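Read the structure below first, then the notes.
Residue numbers (this note's numbering): 959 to 1175.
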């Protein structure tokens, strides 16, 4: 395993959406793809982005499985992690969830392997686990910034001097919800060091957030 290999897979995960977004329509038009194939590609894209870079980094040996939180847990740490994640989920349910574009649990969990890759690479690069987790959080935030470009929305908000109450926001859909999910994933993994418990807890939280939103609506 090498730091350079890990950097390659991390870079692929972070920058692939920005590279694919302008290139895909041209490639589709050039190849003359049908609407059904385009629809299938759109549905598969989150799965490919969420899983493939992390999986390839794992099977190539660039990043060890224990840094992902996939292995290395004893039965006792599983029980302790389950209790701790349950407590954290309970605490988070007391927070008033803002209405917004929360993804489905399945769609949300697809982001977890990619964020786990960032944490695992951070732990590989940094001398201490805590610093590695912070590095992973920073990489996830970098991905968020590249995908959502918050500086553009900030400028639009600042220039919207005549906005009225109830006017449509300039913030991209799901932007702040993604920040909350990144923070939740980082907190859960820091507490449990277990990918499976982190992903399960995130799915539960997303299900509850969507349920609360639907009840308010």
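For each residue, glycine too, the CB sits at the ideal point set by N, CA and C. Remember, predicted model here, so these are calculated numbers, not experimental data.
Can you give me the C-alpha to C-alpha distance between residue i and residue j, rounded to a whole angstrom?
i            : j            : result
residue 1016 : residue 960  : 12 Å
residue 1048 : residue 1105 : 30 Å
residue 1131 : residue 1000 : 17 Å
residue 1036 : residue 991  : 47 Å
residue 1051 : residue 1080 : 29 Å
residue 1121 : residue 1024 : Here residue 1121 scores only 49 on pLDDT, less than 50, and its place in the model is too uncertain to base an answer on.
residue 1148 : residue 1158 : 15 Å
residue 1123 : residue 1108 : At residue 1123 the pLDDT is 48, less than 50, meaning the model places this residue with poor confidence and gives no usable figure here.
residue 1165 : residue 1011 : 26 Å
residue 1091 : residue 1083 : 10 Å
residue 1137 : residue 1151 : 20 Å
residue 1068 : residue 1093 : 20 Å
residue 1143 : residue 978  : 26 Å
residue 1029 : residue 1009 : 17 Å
residue 981  : residue 1172 : 36 Å
residue 1119 : residue 1133 : At residue 1119, the pLDDT of 47 sits below 50, so the modelled position is not reliable and the matter cannot be decided from this model.
residue 1013 : residue 998  : 21 Å
residue 969  : residue 1022 : 17 Å
Please classify residue i: is it buried, with 16 or more other beta-carbons within 10 angstroms of its beta-carbon, or exposed?
i            : result
residue 1041 : exposed
residue 983  : exposed
residue 1096 : exposed
residue 1027 : buried
residue 1031 : buried
residue 1065 : exposed
residue 1163 : buried
residue 1063 : buried
residue 1140 : buried
residue 1078 : buried
Please confirm whether residue i and residue j have their CB atoms less than 7 Å apart.
i            : j            : result
residue 1135 : residue 1058 : yes
residue 1103 : residue 1076 : no
residue 1072 : residue 971  : yes
residue 1043 : residue 1155 : yes
residue 1003 : residue 967  : no
residue 1168 : residue 1060 : yes
residue 932  : residue 1153 : This structure leaves residue 932 out entirely; the chain is present only between 959 and 1175.
Between residue i and the ligand PLP, is there a pair consisting of the residue's CB and a ligand heavy atom that are separated by less than 6 Å?
i           : result
residue 973 : This structure lacks the ligand PLP; in fact it carries no ligand of any kind.
Pop quiz: residue i and residue j are said to be a contact at Cβ under 8 Å. What is the actual Cβ separation, rounded to whole angstroms?
i            : j            : result
residue 1146 : residue 1046 : 6 Å
residue 1070 : residue 1160 : 6 Å
residue 963  : residue 1018 : 7 Å
residue 996  : residue 986  : 6 Å
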